[in-house]
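A.B. asks:
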Amino acid sequence: MRYLLGSCCLFCLFFVACQSDQPAAVVDSKASLAVERDAGPGFQLQVSGDTADYEQVILAREVEPFGEEAQVTQIRLSYPKITDFKAAEVKDSINAVIYEIMLLNDAGEIAYDNLQQRLDAFIREYEMAKEEMKKQLVLPNRWTCEVEIKVVLNSNRILSLQLHEANFTGGAHPNSYTRYFNFDLKTAKLLALEDIFVEGYQQELLQTAERYFRMAREIPADKPMGETAYEFPSGRFLLPRNFALGKTGIAFCFNPYDIAPYSMGTIEFELPYQAILPILRQEAVL
């Protein structure tokens, strides 16, 4: 299997049958951003400046239900495609990576050659499962797969994307996960935490992030993390490398099972830029 740009999708904890083809659809969208600093408590990014113009591409397939009471099985893929940007090589590079992201499986591997192959594989696997269920006189389950990349931030320097996948192919519950990708629009580079913080940032970031995590989850400051509902290694708070640069701060994301049971869902919290200004490389995000 191939892996997207090495380890960019490995979001480990941080530290120390009738088928109908639906045509592709596009939705025009654009946004822009500049920086606002004032004497007050806020530090945020606001609209105004050069940004990437993009359209939202949608591909979908579905299978007619088997039996009157069965629901439609379907797969839907949606992602942004940059249509206009001042640097053509940056546009082309980011578009190529976005397309590869849409080819990832749960393990972060590029599992398909193209999106048509992904659509076909899902329908083919369902058809095979349906035939087995029919042999067992069982009404086939509805299968669903929705993969969407949407723009979180589109500034003159940063393009942040959220990948969300939800699928159900039988079992006790659907499966889902969220991953974030942050691009430097000057270089098309995928940004890591090391790119946006000054050298030696780790301890201050970890301590500040834990404070905001506790506030978001209403955990008393003096309560040991090992005595909460969250399962961190050694009972100590850790940050995920799964993060999104936003307008007012950095959102960190824990997927189901990362630190808590599936029933608690995706866990996110925001760390305001204002709280980390001393360690933030402002030139990297402005």
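Counted the way mature numbering (1 follows the signal peptide of the UniProt record, and there is no 0) counts, the sequence shown spans residues -19 to -1, 1 to 267.
We put the CB at the ideal spot given by N, CA and C, even for glycine.
If you draw a straight line from the C-alpha of Y54 to the C-alpha of F178, how long is it?
C.D. replies: Per the sequence presented here, residue 54 reads as Thr, with Tyr not at that position. Cα to Cα, T54 sits roughly 45 Å from F178.
A.B. asks: How is S59 classed by DSSP in three states: helix, strand or coil?
C.D. replies: strand
A.B. asks: Measure from the C-beta of I139 to each C-beta in chain C and report whether the shortest distance is under 8 Å.
C.D. replies: Of the protein chains in the structure, only one exists, and it is not chain C.
A.B. asks: Buried or exposed for V266, going by 16 or more other Cβ atoms inside 10 Å?
C.D. replies: buried
A.B. asks: Please classify T32 as buried or exposed, where buried requires at least 16 other C-beta atoms within 10 Å of its C-beta.
C.D. replies: buried
A.B. asks: Quick one: what's T159 bridged to in DSSP?
C.D. replies: H145
A.B. asks: Exposed or buried, D239, counting other C-beta atoms within 10 Å across all chains shown (16 or more means buried)?
C.D. replies: Under this definition D239 is a buried residue.
A.B. asks: Just confirm the distance between the C-beta atoms of A220 and L261, as a whole number of angstroms; I'd bet it's less than 8 Å.
C.D. replies: Just to set this straight, residue 220 is Leu in the shown sequence, not Ala. Here L220 is actually not in contact with L261; their C-beta atoms are around 15 Å apart, not less than 8 Å.
A.B. asks: Whole angstroms are fine: how far does the CA of I130 sit from the CA of K72?
C.D. replies: 16 Å
A.B. asks: Pick from E113, G246, I231: whose alpha carbon is nearest that of A210?
C.D. replies: G246
A.B. asks: Please name the residue or residues paired with E185 in a DSSP beta bridge.
C.D. replies: In DSSP, E185 forms no bridge with anything.
A.B. asks: Rank L172, L171, F103 by C-alpha distance to the C-alpha of L58 and give the top, closest one.
C.D. replies: F103
A.B. asks: Would you kindly report the start and end of the unbroken beta strand (DSSP E) that includes N135?
C.D. replies: 125 to 135
A.B. asks: Please report the residue range of the beta strand (DSSP E) in which residue 286 lies.
C.D. replies: Lying before the first or after the last residue shown, residue 286 is absent from the chain, which here runs from -19 to 267.
A.B. asks: Is L118 buried or exposed, if buried means 16 or more other CB atoms sit within 10 Å of its CB?
C.D. replies: Exposed, since its Cβ has fewer than 16 Cβ neighbours within 10 Å.
A.B. asks: Hey, could you find the ends of the beta strand (DSSP E) A232 is sitting in?
C.D. replies: 230 to 235
A.B. asks: What would DSSP say about V78, mapped onto helix, strand or coil?
C.D. replies: helix
A.B. asks: Who are the Cβ neighbours of A225 in its own chain at under 6 Å, not counting the five residues just before and after it?
C.D. replies: V133, S141, Y161, A232
A.B. asks: Secondary structure at A69, three-state DSSP: helix, strand or coil?
C.D. replies: helix
A.B. asks: Let's test the definition: count the other Cβ atoms within 10 Å of the Cβ of L258 and tell me whether it reaches 16, buried, or not, exposed.
C.D. replies: exposed
A.B. asks: Y182 to Y243, Cα distance in whole Å?
C.D. replies: 32 Å
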